[in-house]
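Protein chains in written order, with our numbering: chain B, 411 to 608; chain V, 258 to 505.
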């Protein structure tokens, strides 16, 4: 695949196909961990890290399963690999890179059941991406998650102390704020096709 | 749970009182993603219900065998196995549904309703109670999903697909409208944004606000994204060991 193709995948994953705001993957951390900007950053960092790693590790396994006519086992293998990978990364970081562990470590266990991670792996299979495009797609998805989280945490900080009907308090008003954030991403429609041709 | 519930109560609690989507705030990703048409919503609901019932039964039956420390990986394997079965069945018998649900079908594995019920109910209760709980929660999930899809499809596309795996009709066909939609026929225009991503968030917020209003009038607390107690990963979470909450 050419460099242009890779850039197009990266850009599409960040903007038009944003994992959170247009594919609805990873909504739980998006709503739950976005109250403060610094926790939002930490969570996004961990998501980018695990997504890229998961895409890299599952790619050879997917190829191996497909070669042996066992593609139906992909879902089971992927989730097991992701779950053990996350545990493994946590242990390794704690032992060897304590600084990184302090920044990301606490968010790692939460990511095992994050649908963005399994989602990117599934999307790579569905689009039959090769090794490099898979990783670029995961990187773009992770960066897109971070952009959405940062924008949203900024909006949420502004929601504090605003006057809205009482029964909208809490999750409902957060969801409406998310709707408005998602509206802004509609503006990217056609961006990638416009730049790189369809 | 302090007092023992009858099987009827185990079933009915999932429908409204403890509706997984609107009260327990579980499974938000598929709710938002597949609620663009009623057909997809019902298909997703039924698929998730099947997985939920089967995994609840197996996990409950194995609850004394599975060692406590490795229970989450065990649950994930059981759930993933049933998801694969459902995935193959849907691919074989309802290919149009498979296309409509796309990656969200395999993503049932990480649907927190299923892991949440395994951790929160099936590993403490008997097989029959767990099966009933699975049915109730699954039906509650399907109801919430269908309700949301109905709102989004009606306002966004001016249509309702009253179909299950390809059989049935649409609101357009009932009124013999051909190409025009129901809203255009009465001189209004469909609000396209309801079908698009922002409409999903907005409709979900609207429904949750209504659910909170009703809950408030009955003196119940409003729905919240739960802290660590509701999180299926709590057992292996290092934050909890340090006494912190992840949502803060």
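The beta carbon of each residue, even a glycine, is placed where N, CA and C say it ideally should be.
- Pairing residue 383(V) with residue 320(V), the inter-Cα distance amounts to about 9 Å.
- For the 8 Å CB-CB criterion, residue 469(V) and residue 439(B) do not form a contact.
- For residue 419(V), DSSP records a beta bridge to 426(V).
- Between residue 433(B) and the set 455(V), 388(V), 399(V) and 373(V), the nearest pair of CA atoms involves 455(V).
- Taking a cut-off of 8 Å on C-beta distances, the region 267-283 of chain V touches the region 395-403 of chain V, as three or more cross pairs fall below it.
- Residue 467(V) is classed as exposed because its beta carbon has fewer than 16 other beta carbons within 10 Å across all chains shown.
- Contact annotation: in the region 345-374 of chain V, residues whose CB is within less than 7 Å of a CB in chain B are 345, 360, 363, 364, 366, 367, 369 and 372.
- For the C-beta of residue 543(B), not a single chain V residue is nearer than 9 Å; the gap to the nearest is close to 16 Å.
- Put simply, the backbone Cα of residue 445(V) is about 12 Å away from that of residue 411(V).
- Considering only beta carbons, the part of the region 430-461 of chain V lying closer than 9 Å to chain B consists of 450, 453, 454, 455, 456, 457, 458, 459, 460 and 461, in chain order.
- In the three-state DSSP reduction, residue 534(B) falls in the helix class (H, G or I).
- Residue range 454-474 is occupied by the alpha helix (DSSP H) that includes residue 470(V).
- Not a single CB atom of chain B sits nearer than 8 Å to the CB of residue 324(V).
- Burial of residue 460(V) is indicated by the presence of at least 16 other C-beta atoms within 10 angstroms of its C-beta.
- In the three-state scheme derived from DSSP, where H, G and I count as helix and E and B as strand, residue 446(B) is classed as coil.
- With at least 16 other beta carbons inside 10 angstroms of its own, residue 281(V) counts as buried.
- Annotation for residue 296(V): the continuous alpha helix (DSSP H) segment containing it runs 295-318.
- Straight across, the Cα-Cα distance linking residue 550(B) with residue 427(B) is about 10 Å.
- Nearest CB-CB separation between residue 299(V) and chain B: not below the 8 Å threshold.
- In terms of beta-carbon proximity, residue 485(B) lines the interface with chain V, with at least one pair separated by less than 8 Å.
- The closest CA to that of residue 372(V), considering only 448(V), 330(V) and 360(V), is found on 330(V).
- Not flagged as an interface residue toward chain V: residue 558(B), since no C-beta distance is shorter than 8 Å.
- The Cβ neighbour count for residue 469(B), taken over all protein chains shown within 10 Å, is at least 16; the residue is labelled buried.
- Residue 508(B) has its alpha-carbon roughly 43 Å from the corresponding atom of residue 302(V).
- One alpha carbon belongs to residue 407(V), the other to residue 483(B), and they sit about 34 Å apart.
- Cβ-Cβ separation between residue 535(B) and residue 465(B): approximately 10 Å, too far for a contact (criterion under 8 Å).
- At least one beta carbon of chain B lies nearer than 8 Å to the beta carbon of residue 282(V).
- Residue 472(B) has its alpha-carbon roughly 28 Å from the corresponding atom of residue 375(V).
- A direct Cα-Cα distance of roughly 13 Å separates residue 394(V) from residue 368(V).
- Residue 584(B) and residue 566(B) have their C-alpha atoms some 7 Å from each other.
- Spatial neighbours of residue 309(V) in its own chain (CB-CB distance under 7 Å, excluding positions within 5 residues in sequence) are listed in chain order as 370, 371, 374, 391, 394 and 395.
- Here residue 390(V) carries a helix assignment [DSSP, helix/strand/coil].
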